[in-house]
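Plus 14 on top of the position in the sequence shown (first one is 1) and you've got the working numbering. I have placed the structure first, in the form of structure tokens, so that the comments after it can refer back to it.
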Amino acid sequence: MTAADVRADCVLGLDGVEVTVQARRGLMGSVPVTILHGITLSIARGETVAVVGESGSGKTTLGRATLRLAPISAGTIRFDGRDVTRLPEGQLRTFRRRAQAVFQDPYGSLSPYMRVRDLVAEPLVVQRVGSAGERRDRVVRALEQVRMRPASDWLDRYPHTLSGGQRQRVSIARAMVLEPDYVVADEPVSMVDASSRAEILGLLRSFQESRGVAYLYITHDLASARYMAARIAVMYLGRVVELGEAREVIEQPLHPYTRALLAAVPEPDPANRHRLRPVVAGEPPSVMAPPPGCPFHPRCPASMAGVCDVAEPPLIQVASRREVACHLYPASAAAAQQPRLGGSDALEVDRASRLQVVAGAQERPGGGAHLGATGDAV
Ligand code: SF4
15 MTAADVRADC VLGLDGVEVT VQARRGLMGS VPVTILHGIT LSIARGETVA
65 VVGESGSGKT TLGRATLRLA PISAGTIRFD GRDVTRLPEG QLRTFRRRAQ
115 AVFQDPYGSL SPYMRVRDLV AEPLVVQRVG SAGERRDRVV RALEQVRMRP
165 ASDWLDRYPH TLSGGQRQRV SIARAMVLEP DYVVADEPVS MVDASSRAEI
215 LGLLRSFQES RGVAYLYITH DLASARYMAA RIAVMYLGRV VELGEAREVI
265 EQPLHPYTRA LLAAVPEPDP ANRHRLRPVV AGEPPSVMAP PPGCPFHPRC
315 PASMAGVCDV AEPPLIQVAS RREVACHLYP ASAAAAQQPR LGGSDALEVD
365 RASRLQVVAG AQERPGGGAH LGATGDAV
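Structure, rendered in structure tokens:
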């Protein structure tokens, strides 16, 4: 995506965003380490963009950067058309009111000493919204919207009396009570019971359908990304290496890393329980010592000596709303989606059908997929 694609009508637009931190090296010194590299991405109102990748790929840092919770060393973040990249903390109140987060760990994100009524009301108090009575009404409404009914049964409970799924619903009520336009959902179902996952994802989608909330949905789970998102961004070592419509990325993965992630999705067949699945070879390199050239080249089965280990491929548009950072793909639209290598390098489209079975997913209008009869999205 080019800077021109960061449209003013998008709720969130990132243009060349970099995050650099100081990392300790040895006993005395520290060195700058770039965690995010030139991220350009936009999210429209009511859209969900899923960010997938292995641990350490920079997904959570990206989510934090969009909320101005990570130090931005280069690039621009626009929220509702306004540049918020370098607004001083004191001027971020309005932005913080409209941009919220649901975190992975419902056990760590809720204070054990606060009752549900105070946990959900806290963002309203911080933002100085309404009178005490109005805040109570909004808390009750938010709890009922996350299907904690009647709210009076839950208001005086403490987090330790709630299950993981109930805590995560409180976290969602807390994020939604300010009626935000944009929410970072960082692995929101990875720490809740399987029985609660479909309900949590369904709740997030119901807020989107009723209020037009835009989500950055961070996950390592391609099945839930397919269920939730209209578009998927695949990240590797702090870079977006593939971006496109969710269905296309799943059914026609272009980047070798995306293909490897899809190949590792388990097949829902008991006969396959003893069969080893292909996984991405090797370990992700350290951000402290990234390899030259393409950061994926030490693990890539299609790596070309003298090319991939020399020059880092830029993220280029290869088709409408489809971008990839890989030397296998020429920039020309005419050659779109035609890799230079054939044979074993052919696209593994069959992975998509497997993923849909795992997700129990069906198409829905406007992106994402419907849950199957079992509701087993992940
Ligand atoms: Fe593999 Fe080369 Fe493409 Fe990197 S640029 S993903 S090493 S083929």
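Heads up, the beta-carbon is just placed ideally off N, CA and C, and yes, glycines get one too. Since we're looking at a predicted model, the values are computed, not measured.
Exposed unless 16 or more other CB atoms sit within 10 angstroms - verdict on residue i
{"i": "Leu26", "result": "buried"}
{"i": "Met302", "result": "exposed"}
{"i": "Leu459", "result": "For the chain, the structure presents residues 15 to 392; residue 459 sits outside this window and is missing."}
{"i": "Asp207", "result": "exposed"}
{"i": "Gln180", "result": "buried"}
{"i": "Val324", "result": "exposed"}
{"i": "Ser238", "result": "buried"}
{"i": "Asp195", "result": "buried"}
{"i": "Arg273", "result": "buried"}
{"i": "Gly77", "result": "buried"}
{"i": "Ala146", "result": "exposed"}
{"i": "Asp235", "result": "buried"}
{"i": "Thr75", "result": "buried"}
{"i": "Asp200", "result": "buried"}
{"i": "Arg163", "result": "exposed"}
{"i": "Gln159", "result": "buried"}
Where residue i sits in the DSSP three-state scheme
{"i": "His51", "result": "strand"}
{"i": "Met249", "result": "strand"}
{"i": "Ala278", "result": "coil"}
{"i": "Val418", "result": "Residue 418 is absent from the model: the chain starts at 15 and stops at 392."}
{"i": "Glu61", "result": "coil"}
{"i": "Gly27", "result": "strand"}
{"i": "Ala350", "result": "Only weak support is given to the placement of Ala350: the predicted model assigns it a pLDDT of 49, under 50, and the question is left unresolved by the model."}
{"i": "Arg142", "result": "coil"}
{"i": "Ala154", "result": "It should be noted that the sequence gives Val, not Ala, for residue 154. Correct three-state label for Val154: helix."}
{"i": "Ala373", "result": "Residue confidence for Ala373 is low, a pLDDT of 39 falling below 50, so the modelled location carries little weight and cannot support an answer."}
{"i": "Pro270", "result": "helix"}
{"i": "Ala243", "result": "coil"}
{"i": "Leu41", "result": "coil"}
{"i": "Pro137", "result": "helix"}
{"i": "Glu32", "result": "strand"}
{"i": "Glu297", "result": "coil"}
Residue closest to residue i, alpha-carbon to alpha-carbon, out of the options
{"i": "Arg253", "options": "Gly40, Arg39, Thr54", "result": "Thr54"}
{"i": "Ala113", "options": "Pro120, Val98, Ser123", "result": "Val98"}
{"i": "Gln3", "options": "Ser44, Arg273, Tyr172", "result": "The structure shown does not extend to residue 3, since the chain is modelled only from 15 to 392, so the question has no answer here."}
{"i": "Val197", "options": "Ile186, Cys340, Glu265, Val206", "result": "Ile186"}
{"i": "Leu133", "options": "Pro312, Ser69, Pro173", "result": "Pro173"}
{"i": "Thr233", "options": "Leu275, Gln266, Glu265, Arg225", "result": "Leu275"}
{"i": "Leu28", "options": "Val47, Arg39, Pro46, Ile57", "result": "Ile57"}
{"i": "His51", "options": "Ser317, Met318, Pro304", "result": "Pro304"}
{"i": "Leu251", "options": "Arg39, Cys24, Val47", "result": "Val47"}
{"i": "Leu176", "options": "Glu297, Leu138, His311, Leu124", "result": "Leu124"}
{"i": "Val279", "options": "Arg150, Glu68, Ile49", "result": "Glu68"}
Contact test: residue i Cβ vs ligand 3 heavy atom, cutoff 7 Å
{"i": "Leu81", "result": "In the structure on display, ligand 3 does not appear, and the ligands it does have are ligand 1."}
3 or more residues per run - each beta strand (DSSP E) lying fully within the region 163 to 236:
196 to 200, 228 to 233
Contact the region 125 to 134 vs the region 85 to 97: 3+ CB pairs below 8 Å
no
Every unbroken beta strand (DSSP E) within the region 65 to 90, with a cutoff of 3 residues, ordered by chain:
none
4 or more residues per run - each alpha helix (DSSP H) lying fully within the region 94 to 130:
107 to 112
Just list the beta strand (DSSP E) runs in the region 299 to 341, keeping only unbroken ones of 3 residues or longer that don't cross its boundaries, in chain order.
330 to 333, 336 to 338
Are the region 52 to 72 and the region 252 to 267 in contact at 8 Å, needing three or more beta carbon pairs?
yes
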